[in-house]
Every structure is written in structure tokens, then in C-alpha cells.
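Participant: Please read through the structure below; I'll follow up with questions.
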Amino acid sequence: MTRYKNVRFKSQLGLTVAPQLKPAFFTAHKMSLQSQDMVRMASLAKLEINPQELELMRTSINDFFKMVQAIGSVDTTGVEPLAHPVAIIQDVTLRLRDDVVSETNRREANQQSAPAIDRGLFLVPKVVE
Amino acid sequence: MSSKLVQGYEVVIGFETHTQLSTQSKIFSRASVAFGAEPNTQACAVDMALPGTLPVMNKAAVERAIQFGLAVNAHVAERSIFARKNYFYPDLPKGYQISQFEIPVVQGGEVSFYLVEGKETVHKTVRLVRAHLEEDAGKSIHEDTELGGGGQSGIDLNRAGTPLLEIVTEPDMRSSDEAVAYAKELHKIVTWIGICDGNMQEGSFRCDANVSVRKPGAPLGTRREIKNLNSFKFMQQAIDFEVRWQIEELEDGRTIQQATVLFDPDTGETRAMRTKEDSADYRYFPDPDLPPLVIDRGWVARVKGSMTELPRVMAQRFVADYALPEYDATTLTQSKAMAAYFEATAKAYNQPKLASNWIMGEVSRRLNASDIGIDQAPVSADRLAALISRIHDGTISNNAAKEVFEALWTTPGDWVAETGPLSVVDSIIEAKGLKQMNDTGALEAIIDEVLAAHPKNVEEFKAGNAKALNGLVGPIMKASKGKANPAQVNALLMKKLG
Amino acid sequence: MSSLVTALSKPLHDLTVAELAAGLKAKTFSATEVAQYFVTRAQNDMGTSDPVQGADNTWGTGSFLALNPEATLAQAQAADARLAAGTGGALEGVPLGHKDIFVTQSFPTTAGSKMLEGYRSPFDATVVRQLAEAGMVTVGKLNCDEFAMGSANENSAFGPVRNPWDMTRVPGGSSGGSAAAIAARLVPAATGTDTGGSIRQPASFCGITGIKPTYGRASRYGMISYASSLDQAGPMARTAEDCALLLRALCGPDPDRDSTSLDVPSEDFSRSLNDSLEGLRIGIPKEFFGEGLASDVRTAVDAALAELTKLGAKLLPISLPLTELSIPVYYIIAPAEASSNLSRFDGVKFGHRANNFTDLESMYKKSRAEGFGQEVKRRIMTGTYVLSHGYYDAYYLQAQKIRRMIAQDFQNAFKVCDVIAGPVAPKVAWRLGENANDPVADYLADIFTLPASLAGLPGMSVPAGFGSGQGKPLPVGLQLIGNYFKEAQLLNVAHRLQQATDFHLFKPEGV
């Protein structure tokens, strides 16, 4: 049983669903990314993006989040998240396999697209711990 | 329950232990987990995270998690979820580790053990928060300076995907002794039930210690995490150093920063790792490639039914059936092999306390000195039982028995066992002339001679100085060439001196 | 080759998969001849070899990324041997192209990205293997939006794909290369993947047929992951009949390799193609027919629906109230999963590694920045954000909950109807570069395909007519959505429509 309040979401397509916008039961975070958020995300995601590019991206991502705000007004109390979509009609559980070794040594084939190898090891710049 | 304060500070320790599960194949792939293979020869496409690869769960890893949960009296979850822990590191091929976050497979539980504190033997219990399944990362080789022409680290993904059970405690420990005792007990449990080979040099059992200090009654201090302790000795040293370091910092007016720390066995010091910015934000979310793990109660029951007797259950049985003290029972159940040795000895000759004394004493001492396990002991349980029988029936004294034991241990092959262990023992006794003198007549004669030769001692004893007896016992034993039965000597002396 | 062409009533490239399969079995032509024919057409499209004497023009759709004629012909020869021995599979010798999101041993795999330029996989995707076991011959790898992220195939690192109906327009995405190649008759069939509409929408824009099966019906092993809980492989071809044949081969459980694949066996999806539609209840969601729907699209869709009522179906109005919310829900879930799935591209084990860097950290950052295109970076950034500490509950978790509600809405609808129908996209194919500075505009155009994706339901696009694109006719597809595991029913409806109409037989001018 789903319980939710109808949401008015006036999209650029002009599609409107319902007239009433009830006060948000659940307020999504007022998302407006600041520059430092962008820097932090780029660092977490290991992407080097120069400041100008990052600023442009911030604008388009903030546009995106404006569009996304609507999810905050949906009352999802008591609703479980749906991970595997078919789980809505039947229980989907983890299949377990027998403990058997069947992979043989295919190092050469597996490493054929590797950027840098020495004596079978993948090479990376020295890591200082 | 004592809480050992260090310079007035209370020490608070929690452990996270990564145990490699003793499966044949990896947790999410069918490559082998055998130790020591050439680099990247046991890393299949899934382990290397090649594009398009997906995880498939190993049933044996789940089975071992259930066994652990039962062994520590924990709750085995009916449903648990695998989650991705996202971070970048060269030995983490997917850029995330498949682990469990909000809903682990094992919840709660406890580990109990005995701890000698000064003259007391105290019973301690450490509570477990959880134990969860996850995959191990690969290995980085930093030390080889020749690699790739220099300045490079080498990555071997053979270990990537090895199944791990991460066991997390509450911060219940209050000293490094307690922490090491916990670690040893946990080690015993996982090897006893057969889920882990316990080989610490090979990395099968790795502990991270979370250490903090506080003044008694104050809130918990900031903790630092000492990673990858793979020996009990290093665990002790590392924690002791860390505690002293933290106290010194606080006493000097500084604050402790949360950090991950490594122990350097050469210097005996702990040192903060290069801080990884944003390392705390792992962005955990349920892994969409793995539906929920369901463990029905029937499976748990079947596992329970097929498990061997757990150490603490066996220890309780030893207390009940053999009238052993709890301490003895716990020590004897330190490994299946030792427990079996004890039971075999006690069954061969029914003197369990004597058997316990000998095993905890002489046998253990020699095992430690030679760094071997009880399954390699040169003296079999049968031979030990035979020896004990000859002590118990008075044939030899305890001291003489030690000589016999030495012979049995160091030159076991010299004594032919055609007619059984008892005759082996007897032949050693014979050969060394260790038979106790039980002939009261001859003994009395010797005593009379000694009494006559030491009138002063006799006088002093009769005057009330009990210690004067010692001066008589020595010469009596000497005159009997050590073969007098000490108990008999005392009894006869008492009789003669009144 | 031209003698072969004149011997047939129509050129080889106008034969459907079914017709080719029959012709191969009847030995009207050989697999080797067929393979060579299509390889040549592909080469012409790529502009790499002499045009075939006579009929073929040189198209530059940009559909193909990689060919390997040697490998293709070897496969064809093996097919010929099996055909001669009478041991051929259902699709023996029939050529197809694979979307470059499926890894293949005999061809490089790029996923449309510089990150994987030159990558060679040591294994084949399960779907590729299964189609090969059915006898199909791979002509080459087909262009797509980078890592399947896009709705116009403008996000490929190797150039956009052009819509053969109007080469100034997009073919749709992310399976744009697959759709364009079929429309341009470079291959009779192709594999595609659909995460948010990436089979249905390009099929619609290119006037071909495509179906996304129920999530979990086809293995994802070897399909480079974009959004794990949404990605699904599916066939694209010109007819429902063809799609049914391919679907049978590519579906099926893969318990040893894919934990999300369901224990549901494949089926003979052709078995009910000719069933009557009498009494079939077709639900028409009112949310799919609002103001934002272009009138030319609406006209074509309405006409197709009218055809279905002539065949005995009944239309009834239904409501899928959360339709608009499917856009933010999808664009939270998909980038979140993608941001994690793409972390393996770090320049360590495979893929692009930067030439200049100072340490490990800079190696990661530069390699990934250089290897990934703008849209991919953008989605990684948003995905990282919605999973990050403090935002997970409000965004990812909330989206997954609404997802369940969306799926429930469909279940409610299927209580009163058998099949749901409507447009695939709000308008026909737009011009290349039109949405260049407005990624959100692209997202909004996915509104009709996203709901079925989120619910994991099977969905199809069937050619339904044409809309106006300032002179040139531009295809419009009819979307059919079925309940879980009801692919055969969808194919039935599509097939009956194709018997009553001929839109699926049209081809771009000059092809």
C-alpha cells in the first residue's frame, strides 16, 4: 500500500499532475552546491577539473538539482526502497554458488590492456603510507 | 574487575579483526585463495574488475559466518545486505569494496576468557558489536626499488576477493593484556571451529586496535586506530606505546587527532599514516549487483548440528566430568589438539588433575621452548598416562618422574614399545634406578641412622621448631639415594619424633 | 555480388532476420556471402574502403566503431559448415552488430569512451556468447553514448551518430549506433541496452523495432555497467518477428555470472505473434498525453492506437500519477550507481592512463579527467553527491522509495489493463547540437520511457508513423509496456500492428 500526496511538478514540458501542492512532509535538502562542494566531489571522484570548468558544471548541476527538489515533497513513510525492480512481485534473494575453484591462470589475457606491468605486477606511482 | 590505570588514565580499547575464511575459492569469484602464488595468477577477470564483470556469492563463506555467529552466541541475521564502500586505492580494483554496512550477517555476540592480573585469575567478557562478510583487497609491493625502473609500487591482485569476516568489538578492553588475551581467545575460536587457518604471518588473522585514553569518569577520548597488527607480541608493544604516547600528548596540553596509525616493529613506535582527505566519506549504499542474503533458520540449525563442541562448552564439560578447576579447563581447551591429548591421557589413566598439571606444566613448557604444537609432542598421551600411573601408585616420586619424562621426551625412539607404554615407562625407571624405596624397614633403618647423626635437629624439633625437620629430610633422601618416598619419610619421622 | 542482388526480389539488406535465416537454411545464399556483403556496407559507412560496385551509396552515419572482417568471415565460415552439416542454430549465419557496451574478444570495446580506447576484453559478454551459439555472425561494434549515458548518441567520444532519416538530426540514444545501423540497412539486427529508454527511444527516432525485456531476464555479465539496477540488454531489428527471434537467444538465467539475473528460462517469444487482439485491454496513461507532447507525435500515436482498436483491442484511460517524478528519481539512482560502477576506471589495470602525472593522486585525477567526457563527468559528480554523507537519505534512499511507488502504480494499472501504450518520446528527433548546453533538456525528454525502466517492466517501441521535421519525414514510435515477463504479449501486439501497417518497411531515402 502506497501513501503519498499528489505533487504538482510543473516541468518544462508543461505536464501537470495534480492541482494541490501539500506542504512538504519531508523537506529535501535545499540543494545549491557551492564551489567548495564541487571541489570536494571532484576530489572524492578523483576527477581533475579546472576552476572554470568546475564553475560551469556547478551551474548545470544546480539546474539539475532544482529539477530534482520535487522528490522531497513525496511522503514515503513506511515505504521500503526498491533495489531489484522485480522484487515488487516476488522475493529476489542472493544466489549462492558452491565453493569450487574453476578459474585458471589467465594472467596474460587479463593483463593485455594494462598500462604498465613489471614481472606480472601492475605498476603505479610509489605509494607512501 | 580491575581497571588498570596508566598514569591515572583509563585505557579504552576496541578491536576490529579481519579473519580470512578458509574457503577454496574467493568470496565473489571462482579463483583460488591459496597463498603464495605468482603475482596476478590467481586474479580472474572478476577480481581484476574488468569491464562487465559481476560478483557471485560463495556459499562456504556464508556457512563460515554462520558457524562463527553460533560460536560466539550471536544473532545470525535472516536477511543481510551487501554494501559498497567507495574509495580509491590501487589494491582495490573496483574502486569500492563489497562489504556489509547497515545490516551485517552476524549481530552481537561475546568472547570470554581468563586473564591473569597479578596474583588473580579474572574472568573477562568482551562484547561483540557485529561480524560481517567482505572481500579482501590486493597487495601493494613498495619495497622493491627495481620495479618498473624505480619509483613504482607493484600491485598483486591475487589476494583481492579473498573472503573476510570482520569481527568488531565494543570498546570493552581496559589494558593491553586484556586486548591480547581477547585476540588470543578469538584466534582460538576461529581456528577451533575451522573457519580460519589462523596463520598470522600469512595475514589470515589481522587486528586493528582502536585505542583511546581518558580520566576515569570522563567521556571517551579521541581514538586512534593501529592497523594490521599480525602478531600478539606486536599487539602488546603497539598498544603500550600508543597509550604512553597519547597520555604524553595530553599531559603536554595537546589534543589527540583521530588518525590511522601503523606500528613499526623495528622502532617499537606507532606513527600516523599520511592522512587521506575525505577518507571518511565512503558513500555506502546497498550493492545493486547483489540481492539480499537470506539465511533461513533451518540452515542455521543444520550448521549448529554439524559443529564440533565449542571450546567453552568443552571446558564446562571438563569441569563437570573431570572435576577440574575452571582455569585448568580453559587452558586445556586452548586447542582441539590439546583438549584431545588431555582426554586421551585421562581416559588411559583416571587421574585428570595430575594429567592437567603435567600438560599445563612440563608438556607446555617444552612445547613452547621448541616452538611446536602438541600434535608434534614426542610423548604420546598413552605414555604420559603410564607415567602418571607410576607416580600415583607410588612407584616413583615426582622428581624422579621428571627424569623419566625427560627420557621419554628427548629420546623417545630408544624405548621399544612392544608391550605397551607402561612397560616403556617401567624400563626407563629400571634403567635409571629411579624406583622409590617403599620398603619401610629399610627406610626406618636409614631414618634411625640419620636421627642418630643429627641430635641437634632432633632436639630443636622437639623444642617446637618445625623447620628443623628439613635438616633431617635432606640427609635421609641422600642416604636413600633419592629413592625414599617423601610422604613415607615424613610419616615415619612424625611417628618416631612424636 | 550484384548477381546475388539481382537474383533476389529485393536487396540482401532489405531482408529481415527471419528472411535471412530462412534463405541461409535454404542455401539461397551462404553465410560467408552475407557476411561479406554487410561488412562491405559497414566499411562504406565508416568510409574505409572502396564502394561496392553498383548499388550502394556511401553513408556516414557514424554507426560503426570497429570492424574485424577476418573475424567476421571466420564466424561466417563456421556457420556455413554447420548449415551444411544441418546442425545450424535458429539464427545460423545471420549477421548483427553489437552495441559497443558489450565486451567481445574479437573486437575492441570502447563503450563510446576514450577511457577504453583500444581495450580488448579476454572474455565475451554472455549475451554475445548466446547469440553466437544461436549462430549469429558479428559484423562489428556499434557506436553509443559514452558508457550508455545519453539520449541522442551525441556523447560518444568517437563522434556523434547521425539519423539516416535526416543526417542533421540525432538518432536517439544511447543505442544510437544500433538504431541507425539498422535504419540504414547496414545490419539487419543489433543488440542494444536500455537503462532509461536507450533501446526504445532510438528505435522510435530511427523507425525500427526494439524491446527491453523484464529486468533480470537477460544476463548483464559482460555488459559494461552504467546503472546496475536498471541496465538491460535487448534486441533491435526492423520487425517484432525479428526481435522475438533474437530475444529468445539472448534471454535466460546466468546464475554462474550474474546475481541479478532471474531464474526465469527463455521462451519461444514467437509463439503468440499471431494471436488475436480481440478484447485486449490497452491502458492509456493520461500523464503521457499532456501539453508537452508534440502534436505530430500525438497524431501518429493516436493513429496507431486506432489501428489496434480495429484489431479488436479496447483502449481505457489509466493514470500513472508519478510519471513526472520518474525523471528526478531516475537521474538520482542512475548516476549514483554509475558513479560507483565507473570507479574501476582508474588507469591501473586497464583503460586510459595519463601521460603526465606527479604521483598516484594526480595519475587518478588526470587519467579519469582525460578519459571521461563531459556528460559522464557530470553524472559522476551528481552521483557522488547524492550518495555522500548527509545526502544519502534525502536523495538516493528517497528516490528508491519513490521507485517502489512507481512500480506499484504500474501494478495497480495492470489490474485493469493488459498492456499500456503511449508515445516513446515527446517529440521527434531533434537536430544535432540543439541541446548542447542544456543537459537537463535531454533528461526531460526521457519522461515516457523512464517509468517502465524504474519498474523493471518490459517495454517496446514499434514504428507507428511519421512526424514532421521540416520537410523530411521523421519516425515516431509507439511504446508498449507490459507486466513482468509478458514480452510475448508485447511482441504479439507489435506484430499484429505491423501486419496492419507498413511503417516498419519504410526506409530512409537512398538506402
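Residue numbers (the working numbering), protein chains in the order written: chain A, 1 to 129; chain R, 130 to 627; chain X, 628 to 1138. Think of the CB as a built atom: it goes at the ideal place given N, C-alpha and C, for glycine as much as any other residue. Source: prediction; values computed, not measured.
#1: List the DSSP bridge partners of X:Phe1093.
#2: Along chain X, in chain order, which residues have C-beta atoms closer than 9 angstroms to that of R:Lys223?
#3: Spell out whether any CB of chain R is found under 8 angstroms from the CB atom of A:Ala28.
#4: Taking C-beta pairs closer than 8 angstroms, name the residues in chain X that A:Asn110 reaches, listed in chain order.
#5: To the nearest angstrom, how far is the alpha carbon of X:Glu1002 from that of X:Val1046?
#6: If you draw a straight line from the C-alpha of X:Ala871 to the C-alpha of X:Gly762, how long is it?
#7: Between the segment 711-724 of chain X and the segment 758-774 of chain X, do three or more beta carbon pairs fall short of 8 angstroms?
#8: Name the one or two DSSP bridge partners that X:Gly767 has.
#9: Determine, for A:Gly72, whether the minimum Cβ-Cβ distance to residues of chain X falls below 8 angstroms.
#10: I'd like to confirm the pairing. Which residues does DSSP put opposite A:Leu123 in its beta bridges?
#11: What does a CB cutoff of less than 6 angstroms around X:Ala779 pick up in its chain, not counting 5 residues either side in sequence?
#12: Kindly indicate the opening and closing residues of the beta strand (DSSP E) around R:Glu139.
#13: Below 9 angstroms between beta carbons is the criterion; list the residues of the segment 158-188 of chain R that meet it against any residue of chain A, in chain order.
#14: How about the segment 1071-1089 of chain X and the segment 1113-1127 of chain X: do they share at least three Cβ pairs that are nearer than 8 angstroms?
#15: Just checking: is the beta-carbon of R:Leu461 within a distance shorter than 8 angstroms of some beta-carbon in chain X?
#16: Since R:Trp487 and R:Ile525 are thought to touch, with beta carbons under 8 angstroms apart, how far apart are those beta carbons, to the nearest angstrom?
#17: Closer than 7 angstroms by beta-carbon distance: list the chain A residues that pair up with X:Phe1151, in chain order.
#18: Take X:Ser825 and list the residues in its own chain whose beta-carbon comes closer than 7 angstroms to its own, dropping the five residues that flank it on each side.
#19: Pick helix, strand or coil for X:Met673, following the three-state DSSP scheme.
#20: With H, G and I counted as helix, E and B as strand and the rest as coil, what does DSSP make of R:Met302?
#21: Please classify X:Thr936 as buried or exposed, where buried requires at least 16 other C-beta atoms within 10 Å of its C-beta.
#22: Taking 8 angstroms as the threshold (beta carbon to beta carbon), is A:Gly120 in contact with chain R?
#23: Excluding five sequence neighbours on each side, which residues of the same chain lie with their C-beta closer than 8 angstroms to the C-beta of X:Tyr1023?
#24: What does X:Ile851 touch in chain R if you count any residue whose Cβ is under 9 angstroms from its own?
#25: Output yes or no for whether 8 angstroms exceeds the beta carbon distance between X:Lys1099 and X:Asp793.
#26: What distance in whole Å lies between the Cβ atoms of R:Pro180 and X:Val730, which are believed to be in contact at a cut-off of 8 angstroms?
#27: Closer than 8 angstroms is the cut-off here; do at least three beta carbon pairs connect the segment 197-210 of chain R with the segment 266-280 of chain R?
#28: Can you pull the chain X residues whose beta carbon is under 8 angstroms from the beta carbon of A:Val140, in chain order?
#29: With respect to the alpha helix (DSSP H) encompassing X:Ser953, which residues constitute its N-terminal and C-terminal limits?
#30: Please specify which runs of the beta strand (DSSP E), each continuous and at least 3 residues long, are wholly inside the segment 789-857 of chain X, giving them in chain order.
#31: Quick check: is the beta carbon of R:Arg288 nearer than 8 angstroms to any beta carbon in chain X?
#32: Going by other Cβ atoms of all chains shown within 10 Å of its Cβ, with 16 needed for buried, is R:Asn586 buried or exposed?
#33: So, is the C-beta of A:Thr76 closer than 8 angstroms to a C-beta in chain R?
#34: At the level of alpha carbons, what is the spacing between A:Ala45 and R:Pro219?
#35: Identify, in the order they occur along the chain, each residue of the same chain with its Cβ nearer than 8 angstroms to the Cβ of R:Val141, setting aside the five sequence neighbours on each side.
#36: Nearest CA to the CA of X:His725: which residue from X:Gly650, X:Leu873, X:Cys833, X:Arg995?
Facilitator: In terms of the structure at hand:
#1: X:Pro1102
#2: Ser967, Asn968, Ser970, Arg971
#3: Because A:Ala28 sits at a pLDDT of 45, beneath the cut-off of 50, its placement in the model cannot be relied upon, and the following sentence gives the value as read from the coordinates. So, not an interface residue.
#4: Pro749
#5: Rounded to whole angstroms, X:Glu1002 to X:Val1046 spans 34 angstroms at the Cα level.
#6: Those two C-alpha atoms are separated by around 16 angstroms.
#7: yes
#8: According to DSSP, X:Gly767 bridges with X:Leu694, X:Gly724.
#9: yes
#10: For A:Leu123, the pairing in a beta bridge is given by DSSP as R:Gly283.
#11: Val797, Gly800
#12: Residues 139-149.
#13: Ser158, Arg159, Ala160, Ser161, Val162, Ala163, Ala166, Glu167, Pro168, Asn169, Thr170, Gln171, Ala172, Cys173, Ala174, Val175, Asp176, Met177, Leu179, Val185, Met186, Asn187, Lys188
#14: yes
#15: no
#16: In fact, because the Cβ distance is near 13 angstroms, the residues do not count as touching under 8 angstroms.
#17: Nothing about residue 1151 of chain X can be read from this structure; chain X reaches only from 628 to 1138.
#18: Ala775, Gly800, Ser801, Ser802, Gly819
#19: helix
#20: strand
#21: exposed
#22: Output row for A:Gly120: interface = yes.
#23: Ile959, Ile960, Ala963, Val1013, Leu1014
#24: Pro180, Gly181
#25: yes
#26: 6 angstroms
#27: no
#28: Outside the displayed span of chain A (1 to 129) sits residue 140 of chain A, for which this structure offers no information.
#29: For X:Ser953, the enclosing alpha helix (DSSP H) starts and ends at 953-968.
#30: Complete beta strand (DSSP E) runs here, min 3: 816-820, 836-839.
#31: For R:Arg288, the closest Cβ of chain X is not nearer than 8 angstroms.
#32: Flag for R:Asn586 reads buried.
#33: no
#34: Each residue's alpha carbon lies about 14 angstroms from the other.
#35: Cβ neighbours of R:Val141 beyond the five flanking positions: Pro300, Met302, Arg303, Val340, Ser341, Val342, Arg343, Leu349, Gly350, Arg352.
#36: X:Leu873
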